[in-house]
Amino acid sequence: SDPRVSSRRRRRSFLPAVTMPSHKTFRIKQKLAKKQRQNRPIPYWIRMRTDNTIRYNAKRRHWRRTKLGF
Numbered sequence: 385s386d387p388r389v390s391s392r393r394r395r396r397s398f399l400p401a402v403t404m405p406s407h408k409t410f411r412i413k414q415k416l417a418k419k420q421r422q423n424r425p426i427p428y429w430i431r432m433r434t435d436n437t438i439r440y441n442a443k444r445r446h447w448r449r450t451k452l453g454f
């Protein structure tokens with residue numbers, strides 16, 4: 385019913401079936417590993433240290449919604 389959701393679904397269907405090769409170069413593998421390490425919630429002690437002004441990781445990325453672009 386919502387036009388934004390339906391257009392998002394339509395756009396996703398046009399993505400190629402195979403976007404990630406199984407044979408990665410070492411450079412790409414390093415970049416993926418770094419992005420995987422960055423993609424985590426903030427530690428609880430940081431919330432305590434900043435008096436809860438930083439509550440969540442603003443740069444959190446979902447594997448299906450946001451692609452890395454390399």
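Counting in our numbering, the sequence shown runs from 385 upward without gaps.
Ideal placement from N, C-alpha and C gives every residue a C-beta, glycine not left out.
CA nearest to the CA of residue i, picked from the options
i	options	result
N436	K419, L452, P427	P427
A442	R433, R448, R424	R424
T450	T434, R433, K419	K419
Beta-carbon proximity check, residue i vs residue j, cutoff 9 Å
i	j	result
R431	I438	yes
Cα-Cα separation between residue i and residue j, rounded to whole angstroms
i	j	result
Q414	L452	13 Å
R411	Y440	29 Å
S406	W429	38 Å
T434	T409	40 Å
Q422	W447	13 Å
L416	F454	10 Å
Residue span of the alpha helix (DSSP H) that contains residue i, given as start and end
i	result
Y428	428-433
K415	410-422
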